[in-house]
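Data block below; observations after.
There are 2 protein chains.
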Amino acid sequence: MSDLPADLFGEIDPPDRRLLMGPGPSNVHPRVLRAMSAAVLGQFDPEFTTTMNQVMALYRGVFQTTNKWTFMVDGTSRAAIEAAMVSVLAPGETVLVVSSGRFGLLLQEIGQRCGAKVEIVEAPWGEVVPMNAIKAAAERVRPRLIACVHGDTSTTMAQPLDGLGDVARGVGALSYVDATATLGGMDVAVDRWRADIVTAGLQKCMGGPPGIAPITISDRAAEHIFARRHVEKGIASAGDNAGPAPVIGSNYFDLAMVMDYWSDKRLNHHTEAASMLYAARECARIVLGEGLPKRIERHRLAGAAMAAGIEAMGLKVYGGAAHKMFNAVGVFIPEGVNGESLRKRMREEFEIEIGTSFGPLAGKIWRIGTMAGNARKHHVAHTLMALETALRREGFAAKASGVDAALGVYDGAKGD
Amino acid sequence: MSDLPADLFGEIDPPDRRLLMGPGPSNVHPRVLRAMSAAVLGQFDPEFTTTMNQVMALYRGVFQTTNKWTFMVDGTSRAAIEAAMVSVLAPGETVLVVSSGRFGLLLQEIGQRCGAKVEIVEAPWGEVVPMNAIKAAAERVRPRLIACVHGDTSTTMAQPLDGLGDVARGVGALSYVDATATLGGMDVAVDRWRADIVTAGLQKCMGGPPGIAPITISDRAAEHIFARRHVEKGIASAGDNAGPAPVIGSNYFDLAMVMDYWSDKRLNHHTEAASMLYAARECARIVLGEGLPKRIERHRLAGAAMAAGIEAMGLKVYGGAAHKMFNAVGVFIPEGVNGESLRKRMREEFEIEIGTSFGPLAGKIWRIGTMAGNARKHHVAHTLMALETALRREGFAAKASGVDAALGVYDGAKGD
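The following block contains the structure:
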C-alpha cells in the first residue's frame, strides 16, 4: 500500500458532460445510471428471479421475437458472441463467416479458437455481402453455423439479413447474428430474419454501460445446445444426464447451463451480475417506452443529418450509402490534417469524443456515432459546429456550413 | 410487445433492507452503489485509462502484491477462474486440482473443458488438504498448473496456502488460487504464498456487486501467457507476431490480449465494463481505507461470534473448527426442521437471507455468511435472534440464547 496516495485517488469523478460521439460506448441514460444503484439481492430470492423473468420479457420486445430463451450473458458484447459460437460449434464442425470488416474477422478468430473449420464469404471493407452469395457459399461448405455481423462499426456498414434463416435452414445450418452495434437503433428483426441466435450489448444504441450482453435463442438452436448439456459434478442431480453431443468447450459460456440458470430449474452456475441486470432492464424500458419504430427513425434521421453535414463541409463519407448504418458514419481524414490531433482538439476544447479506426482504415477515417440519446438534433449540431471549428484550427477550411446542411435534413423531416 | 404490461414492470425497486447473510452475494456498500452512477467514458479517453491504472494500483494493495499485472476480468468470479486456467493450460497439459468441495469440483470441470489432463489431490468435504499432500501429488504428476480454492463456501473451509508457490516452483509448475470468497475478509497474501495467479469477485467480502472479477498475475505466469499471444487479425500490427506456444482456447478469456488492453499498448479487445470498474474501484477504496488487518479481524470476530451463537443454541457447526472460513459457517439442520421452510420464514418474517447447500450437503446444512459490511455485531445479533425465533416457530427450542453467546464473544474481544 505504500505507493498509494492517502486519499486512495479520491472519489470517482469522471468528466460528466463529455459527449460520446464515437462508435461506442455512447452516453448512458441517467435513468440507467440510477437503476444500477438499486439494492443487490440474493440470486435465488423470489424478487430477484422475478426481475430476471421481467428482463427476459422486455428483451423479447427489444429483439422483436417470441423466443422463450431471451436472457443475458454476464460480460461485454464479445462474451455473448463467444458464448453463442462455442455453445453451437463442436471442434471440427464448419462455421461460415460472413465478413466485411473487423468484427467479421473477430467471428473468424472466435471460430478458430472453438476448434471449428472456418469458411469465409466476404466483401471488401465498405461493402456488404449479397444474400445470394451467402446462399451459394452455404450450399458449397454445408456449415453447422452461419455467422454474421449486422452493423460492423469498423466499416459503418449494415449487412442486410432478410432471408438469412431460410438460407441456413436450406443447408441444415443454424444462423448467428452479432447485433451489438444496432440493437435499439436499427431494425433488429430476429423473427423476421428467422435468425437462430442474436446477441448484442448495451453500450451502443441501447443507452447503457458495457458489461452485460443480451442474447436470444430459437427453440431449434436451444435444442441443439441442450444436446451438449453436461452439468457440473458439484451441482448435478440424478436427472441431469450428460447430453449425447460433445461437451461445450467453456464452462462460463456453456449456454446449456446458463439457460438452466435462467429457467425455473435455477441451476446454480454464475451469480447473476445484479447491477448490470438492473441496467439492462432500464435500457429496455426506455427503448420500448419510446417505441422501436420511433427510436429507429430517430437514429435514421440523426445519421442522415450527420452525413449531410459532413458532405456539405467538403469531407468525404466512407463506404456505400445504400448500406450505411444509421448510427455511425466514417469520414475520410482530409489531406494535411492529423487525425489524432483533430480528435484531441475535439475532446480538449469541446468535450466531444469522436472515434479512430482499425486495421486497413487506421489513420484514414474518423468514425462518428449518433447512438442512443445522442441521436438527436442538438448533439448532431454541436458536433458538426465543433468539428468545423476544430478543422479550421487544424488548417482545413470547410466548403460550406455542415450544421446548416444537417439542420436542413431535420427541417425537411420534421423530426428531432 | 403485446404481452408486456403498459408500465413495462415499473421502476426497479427491490427490497432495500434485506440482510444478505448467505454465502454471497452480501449487501453492497452504499458508496459502491453510488459509484456506479458516475458517467461512462470512452474506453481510450485519458481520464478513463487513468481510472484503469488507479484500479490496478488499488488492487495491488488489496491482493498484498507487487504484481504489475493486477487488473479486472469483465464477468462474474468464474469468468476469471476460466480466464486463468484457459490462458495457462494448453490441451493435454496437466492440472493438479486441490479439491475438497464444490468449487474444487468446478476447477476440475473447467480444467476438463480446457482439454487439460486433470489430476486431483483431495480431502473429504469439511476438511482441507495438507500442503505436504499437495507437494507429494505435485511431485508425482508434475503438473503445468496447481489449482486451489482458498475459501470454498460450499464447505465453509479455508485451505491453508502458505508454501504453495514453493511447491509449484519445486516441480516447475505455476500455481492458481480462487480467492473469490475470501478477498477482503481473510488474509489473501498473494506474494507471501508466492501464488502465480489469484482471482476473486466483489460480491463476498469486498462489499460490491457480482459482475467483475479482480485478478493478479506474477511476472513468470505473465511470461508463460504472453508466449501464447495471438493478436486478432482485425487489430494486429506488424510487431504483433504470434507467440511460439499454442493459441489460447478462448478469445474473451485470452489474458495475453486482456493484459495488452490494460497496458500502455491499449490493444482494443473488449470494451471495459466502466460502471463495474467504478464499483471495483470504490470497493478497494473502502477496504484499504478501513485497513486490511482491521477488516480481517472484524470478519474473524463476526464469524467466531456467529459460530458461538449457533452452538449455544444447541445446533451443530459443520466441519473442522481449525480451518473454518471467517466469513461463513455451516449449520446442521436439526432433526424435525424443514430447512427450506426455515429459510423462507427468515426471509418473509425478518427480511434475512441465509443460504442453502449443494451436492452432498443439500438439505443437510444451512450456510450463514458474515461478509463485508455484514460482518458486524448488530447483524450477527439480529440474525441469531431471528434464527432462534424462526426455529421456535418451526418447533425447535434453542438450548440457550445464541445472541448472548455471540455478544459474549464481542464483550471478550472489545471489537465491533
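First to last, the sequence lines map onto chains A and B. The first sequence: position 150 = 150 (the working numbering), numbered continuously. Just add 416 to the spot in the second sequence (first one is 1) and you have the working numbering. No residue lacks a Cβ here, since even glycine has one placed at the ideal position from N, Cα and C. Since the model is a prediction, treat every value here as computed from it, not as a measurement.
Taking 8 Å as the upper bound for CB-CB distance, leucine 342 of chain A and alanine 390 of chain A are in contact here, some 6 Å apart. Cβ contact annotation for phenylalanine 464 of chain B (same chain, cutoff 8 Å, sequence separation greater than five): Leu457, Gly458, Glu688, Ala690, in chain order.
Within the stretch 440-455 of chain B, Gly440, Pro441, Asn443, Val444, Leu449, Arg450, Ala451, Met452, Ser453, Ala454, Ala455 place their CB atoms closer than 8 Å to a CB of chain A, listed in sequence order. In the structure shown, serine 99 of chain A falls within a strand segment according to DSSP collapsed to helix, strand and coil.
Annotation: aspartate 178 of chain A is outside any alpha helix (DSSP H); the continuous beta strand (DSSP E) that includes it extends over 174-178.
Residue pairing from DSSP places aspartate 568 of chain B in a beta bridge opposite B:Met573.
Collapsing the DSSP output to three states places arginine 367 of chain A in a strand.
In the DSSP assignment, leucine 391 of chain A is bridged to no other residue. Take aspartate 603 of chain B, set aside five residues on each side of it, and the residues of its chain with a beta-carbon closer than 7 Å to its own are Ile712, in chain order.
Close to glutamine 54 of chain A, with beta-carbon spacing below 8 Å, are these residues of chain B in chain order: Phe425. Boundaries for glutamate 509 of chain B: no alpha helix (DSSP H) harbours it, and the DSSP string shows neither H nor E there. CA-CA distance, arginine 494 of chain B to leucine 315 of chain A, rounds to 48 Å.
For the pair alanine 189 of chain A and isoleucine 225 of chain A, the CB atoms are not nearer than the 7 Å cut-off.
Annotation: the continuous alpha helix (DSSP H) that includes phenylalanine 48 of chain A extends over 46-62. Residues Val489, Thr615, Ala629, Ile631 of the same chain have their beta carbon placed closer than 6 Å to that of alanine 496 of chain B, with the five preceding and five following residues left out of the count. Remark: C-beta atoms of cysteine 699 of chain B and valine 448 of chain B approach each other more closely than 7 Å.
In this model, alanine 302 of chain A and methionine 346 of chain A are separated by some 19 Å (Cα to Cα). With at least 16 other beta carbons inside 10 angstroms of its own, asparagine 443 of chain B counts as buried. Using a 10 angstroms sphere on the CB of alanine 532 of chain B, the tally of other CB atoms reaches 16 or more, which defines it as buried. DSSP places proline 214 of chain A inside the beta strand (DSSP E), whose first and last residues are 213-217.
Ranking B:Phe774, B:Asp827, B:Phe812, B:Ala643 by CA distance to the CA of methionine 675 of chain B puts B:Ala643 first. Residues of chain B with a Cβ closer than 7 Å to the Cβ of serine 100 of chain A do not exist; the shortest Cβ-Cβ separation is about 12 Å.
Close to chain B, meaning a Cβ-Cβ distance shorter than 9 Å, are the following residues of the stretch 342-361 of chain A: Arg347, Glu353, Gly355, Thr356, Phe358, Gly359. Below the 8 Å Cβ cutoff, chain B contributes Gln528, Arg529 as neighbours of valine 247 of chain A, in chain order. Proximity of chain A to glutamate 648 of chain B at the Cβ level (cut-off 7 Å) is accounted for by Leu105, Leu106, Glu109, in chain order. Against chain A, the beta carbon of isoleucine 651 of chain B has neighbours under 8 Å at Arg102, Phe358, Gly359, listed in chain order. Any Cβ of chain B closer than 7 Å to the Cβ of proline 214 of chain A would place that residue at the interface, and such an atom is absent. Under the 10 Å beta carbon count, threonine 486 of chain B is surrounded by 16 or more other beta carbons and is classified as buried. Taking 7 Å as the cut-off, the beta carbon of glycine 24 of chain A is found no closer than this to the beta carbon of threonine 155 of chain A. Every unbroken stretch of the beta strand (DSSP E) spanning 3 or more residues and falling wholly within the stretch 513-550 of chain B is given here in chain order: 533-538.
Selection A:His323, A:Val409, A:Ser401, A:Ala381 evaluated against leucine 19 of chain A yields A:Ala381 as nearest (Cα-Cα).
Here the alpha carbons of glycine 426 of chain B and glutamine 54 of chain A stand approximately 10 Å from one another. Chain-ordered listing is empty here: chain A has no CB closer than 7 Å to the CB of serine 503 of chain B, the nearest sitting near 12 Å. Looking at A:Glu351, A:Lys377, A:His378, the one whose alpha-carbon comes closest to that of arginine 17 of chain A is A:Glu351. The distance from the Cβ of histidine 566 of chain B to that of valine 593 of chain B is about 5 Å, consistent with a contact at the 8 Å cut-off. Among the residues of chain B, those whose CB is under 8 Å from the CB of alanine 274 of chain A are Pro441, Pro625, Pro626, Gly627, following chain order.
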